[in-house]
Ligand SMILES: CC(C)(COP(=O)(O)OP(=O)(O)OC[C@H]1O[C@@H](n2cnc3c(N)ncnc32)[C@H](O)[C@@H]1OP(=O)(O)O)[C@@H](O)C(=O)NCCC(=O)NCCS
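In my numbering, the protein residues as written are 4 to 168.
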């Protein structure tokens, strides 16, 4: 596993770096909820990206924890852990990595860090959802030894953090 990949909990400085990476190296639909309007990184989408993270991760009572993915000293993407409502001790994970850093083992290292962080936070299970055409995500999950469940337009997986620990 790559040893140069770290996760740093998001703050306002890292959020600015994250926005820069998203704009330069990712498509909006890969990194944020849909925003109406013309395609691409419009001013509205840039503002929505920052507000999304400020409201969810940097608020007084955050609903999820977001991490900047750092390779060496460079921010290359984001990972998040969001406690699942109605599922005791369960957390949902999400990841995006800038295009120019995909396919070189960063994702594998990020998932490994997320499992460690979720376990340290006391969660028993970790949920992931992806699309059927997202082969990189599915390979990462398969490599972790979890069963993938194909349900319509989604592929989901539960990682047992107690058994996996
Ligand atoms: C999905 C994502 C996080 C994977 O991270 P990554 O750093 O690209 O993945 P890795 O380089 O660690 O590769 C993981 C596995 O997928 C394989 N893989 C990578 N890119 C692939 C591709 N385009 N097609 C098929 N397999 C691919 C790798 O070979 C590796 O498998 P292996 O260990 O069996 O060799 C990253 O591609 C990404 O951010 N994509 C855009 C956003 C996204 O889809 N997020 C996930 C939503 S759940």
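For every residue, glycine included, the Cβ atom is placed at its ideal position computed from N, Cα and C.
These numbers were taken from a predicted model, which means no experiment stands behind them.
Taking C-beta atoms under 8 Å as the contact rule, residue 79 and residue 109 qualify, at a distance of about 7 Å.
By the neighbour-count definition (other C-beta atoms within 10 Å, threshold 16), residue 31 is a buried residue. For residue 128, the enclosing beta strand (DSSP E) has its first and last residue at 128–133.
Listed in chain order, the non-local C-beta contacts of residue 10 below 8 Å within the same chain comprise 70, 71, 72, 73, 82, 113, 116, 117 and 120, local neighbours out to five positions each way being set aside.
Each residue's CA atom was taken as its position, placing residue 150 and residue 105 some 23 Å apart. The alpha-carbon of residue 24 is positioned some 24 Å away from that of residue 141. Contact check for residue 126 against residue 94 passes: the beta carbons are separated by less than 7 Å. In this structure, the beta-carbon distance from residue 49 to residue 38 does not fall below 7 Å.
Taking residue 17 as reference, the option from 77, 84 and 98 with the minimal CA-CA separation is 77. A Cβ-Cβ separation of about 14 Å leaves residue 56 out of contact with residue 84 under the 8 Å criterion.
Taken in chain order, the complete alpha helix (DSSP H) segments of 4 residues or longer contained in the segment 76–153 are 109–123 and 138–146. By the neighbour-count definition (other C-beta atoms within 10 Å, threshold 16), residue 101 is a buried residue.
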